[in-house]
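Protein chains: 2
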Amino acid sequence: MFEFDQFSGLTALGEHRYGVTLSDRWNVGPVPNGGYLIALAGKAMAEACTHKDPLTITGHYLRPAVAGPAELVVTPVKQGGTFDNAQVSIVQAGSERCRFIGAYGTLAQISGPSWREAGPPQMPPPEACRELPKTVTIASRYESRFDPASTAWLSGEQGPSEFRVWIRHVDGRPNDALSLLLYADALPPPVFNRVGPSGWVPTVELTVHLRAVPAPGFVQCRFHTRFVTSGLLETDGELWDSRGELVALSRQLARLRG
Amino acid sequence: MFEFDQFSGLTALGEHRYGVTLSDRWNVGPVPNGGYLIALAGKAMAEACTHKDPLTITGHYLRPAVAGPAELVVTPVKQGGTFDNAQVSIVQAGSERCRFIGAYGTLAQISGPSWREAGPPQMPPPEACRELPKTVTIASRYESRFDPASTAWLSGEQGPSEFRVWIRHVDGRPNDALSLLLYADALPPPVFNRVGPSGWVPTVELTVHLRAVPAPGFVQCRFHTRFVTSGLLETDGELWDSRGELVALSRQLARLRG
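Protein chains in written order, with this note's numbering: chain W, 1034 to 1291; chain L, 1034 to 1291.
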């Protein structure tokens, strides 16, 4: 069993209520990471939906979670038609840590035109990229290979707040939609290239759009922050699979303290 | 009284419950527009929050709303600290039409660094731009001046799915945070430049991040769709005020039928 599946097991506690033990393996400092939590949420909401592909999920991170027991309380919002909608709260010790809302569809049943006005990021292949130092626990969950031209902060230099990076599960777990939810918030914030590894850049809200189930292999990502306003910033992500298909878009609102 | 304020009056019906009469003035065909609904939601959630600036709001559009009476059912999610969180459903005839979740803060109390890696869109001034034909009711709510180089569809031509446009309330209403929620989904979808004015491109989910309260005058916008996957598409918006400040970012997931 792969480690994400081992540490995301849901125990039914009642109708639309699940128990889970949050692992510390996805921790950044003492706090389970937002990507791990949104992937758990994506898994729990699917239980309340006929359609199983999480086309868009938004999470609001209310209070830090901690490793240990948690309850996922799912609310079915709408069923029927092209999209189902559901909501889930992750609760620990009576306190809601985060809340998610999602729209689910069945990608194979959705049809319409396809085109793109941009392609995958230009970057060297994984073997010519730079592995992230394992300074936080979560870094050991993934193989992540950074384009050396986007790692100014690792050399004590300054550069644009953009990371270009290859990522995959370290244990060989095949990619699925949940992998993309994990990858969407698995890495340091790209503003580190501007301000250095300045610690905590907490996510206020994270939205991930799924476009396709990713093929096996590395997922190629670009994470980019263009606008920082009194510490409020967006990080926009594009995730591409090994076939060169766009598989997800992400955007988070986060906060960089002064 | 300005028209948005006239048609967004909330009548308290009980704790965290408000009545509103949805106007048909923001209609696209028979359906009140998503920008009007997210602005109403933004107003109602603020009632449950100590902080009043809607830093991020996400809406899920479940079923079309109709002009007429509606109830807004607000759920306070979290109060205290830098951010408050709330949720609201817009319900008509016992059926939930859309659901929103938001994080509120007080912009004047949030501090941190500021920088940007991109500026406002390059485009001619409003007087050299092209007014949108008033083919749908909502178009009469705004003065909108399109960069003629981004209006291929109006000439029966094809071009990139990007609009550059100046927008303001037609009745002189001063801009505020609610204006940005309105403007974020007030215009035709930019994919019209690729596929022609093909009718209905319904919003599945819309997220708006507020960065600053906009100055008076036109708000300068860029709306751009880069990726269309079997009809699933994002429209990303940047909104800039007359001082040249980034005031909001938006992203929606919408569906273009084949």
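Glycine is no exception: its CB is placed at the ideal position from the N, C-alpha and C atoms.
N-terminal and C-terminal residue of the alpha helix (DSSP H) that residue i is part of
i	result
L:Leu1213	Ala1210 to Tyr1216
W:Leu1043	Here W:Leu1043 belongs to no alpha helix (DSSP H), and DSSP marks it neither H nor E.
L:Leu1187	Premise fails: L:Leu1187 is in no alpha helix (DSSP H) and is neither H nor E.
Whole-angstrom distance between residue j and residue i, CA atom to CA atom
i	j	result
L:Gly1189	L:Glu1238	29 Å
L:Asp1117	L:Tyr1137	5 Å
L:Pro1235	W:Pro1166	44 Å
L:Leu1043	L:Tyr1051	6 Å
W:Gln1155	W:His1257	14 Å
W:Glu1080	W:Thr1240	20 Å
W:Tyr1069	L:Asp1038	42 Å
W:Leu1066	L:Phe1035	Checking the displayed sequence, the identity of residue 1066 of chain W turns out to be Asn instead of Leu. Each residue's Cα considered, the two are about 45 Å apart.
L:Leu1211	W:Cys1162	45 Å
L:Gly1114	L:Gln1142	11 Å
W:Gly1135	W:Ala1074	9 Å
W:Ser1147	L:Gln1112	43 Å
W:Pro1223	L:Gly1101	46 Å
L:Pro1230	L:Trp1186	7 Å
L:Leu1266	L:Arg1259	8 Å
W:Ala1182	W:Gln1253	15 Å
W:Ser1041	W:Val1053	7 Å
Extent of the continuous beta strand (DSSP E) to which residue i belongs
i	result
L:Val1106	Gly1101 to Lys1111
L:Glu1150	Neither: L:Glu1150 is in no beta strand (DSSP E) and is coded neither H nor E.
L:Gly1067	Taken as a continuous stretch (DSSP letters only), L:Gly1067 belongs to no beta strand (DSSP E), being part of the alpha helix (DSSP H) at Gly1067 to Ala1079.
L:Phe1225	Here L:Phe1225 belongs to no beta strand (DSSP E); instead the alpha helix (DSSP H) covers Phe1225 to Val1228.
L:Pro1087	Asp1086 to Tyr1094
W:Arg1244	It is not in any beta strand (DSSP E) - W:Arg1244 carries neither H nor E in the DSSP assignment.
W:Asp1204	That residue, W:Asp1204, is in no beta strand (DSSP E); it is neither H nor E in DSSP.
W:Arg1050	Arg1050 to Leu1055
Neighbourhood of residue i by C-beta distance below 8 Å, restricted to the same chain and skipping five residues each side
i	result
W:Gly1250	Arg1201, Asn1208, Asp1274 and Ser1275
Sequence-distant residues of the same chain with beta carbon closer than 7 Å to residue i, five excluded per side
i	result
L:Gly1277	Pro1153
W:Pro1159	Arg1178, Trp1199 and Phe1251
L:Ile1171	Trp1059, Asn1060, Val1061, Asn1066 and Ala1219
W:Ser1128	Arg1096
W:Trp1233	none
Chain-ordered neighbours of residue i on chain W, where CB pairs are closer than 7 Å
i	result
L:Arg1163	Chain W residues near L:Arg1163: none, gap ~22 Å exceeds 7 Å.
L:Ala1136	His1093, Val1237 and Glu1238
L:Arg1290	Gly1145
Chain-ordered neighbours of residue i on chain L, where CB pairs are closer than 7 Å
i	result
W:Phe1116	Val1237
W:Phe1179	Result: empty, since nearest Cβ-Cβ is about 19 Å, beyond 7 Å.
W:Pro1193	Glu1150
W:Gly1264	Ile1143, Ser1144, Gly1145 and Pro1146
Nearest-angstrom beta carbon gap, residue j and residue i [assumed within contact, 8 Å]
i	j	result
L:Arg1132	L:His1093	5 Å
L:Gly1264	L:Arg1288	5 Å
Same chain, Cβ closer than 6 Å to residue i, neighbours up to 5 away in sequence not counted
i	result
W:Thr1108	Gln1120
L:Gly1205	none
W:Leu1279	Arg1244 and Trp1273
W:Ser1173	Lys1167
W:Asp1269	His1257 and Arg1284
Cross-chain neighbours of residue i in chain W, by beta carbon under 8 Å
i	result
L:Glu1267	His1242 and Leu1282
L:Val1110	His1093, Leu1095, Glu1129 and Arg1132
Under 9 Å from the C-beta of residue i: neighbouring residues of chain W
i	result
L:Val1053	Going along chain W, no residue has its Cβ under 9 Å from L:Val1053, so there is no contact; the nearest lies around 21 Å.
Contact set between residue i and chain L, taken where Cβ atoms lie within less than 9 Å
i	result
W:Val1124	Those within 9 Å of W:Val1124 in chain L number zero; the least Cβ separation is about 12 Å.
W:Val1064	None at all; the shortest Cβ gap to chain L is about 15 Å.
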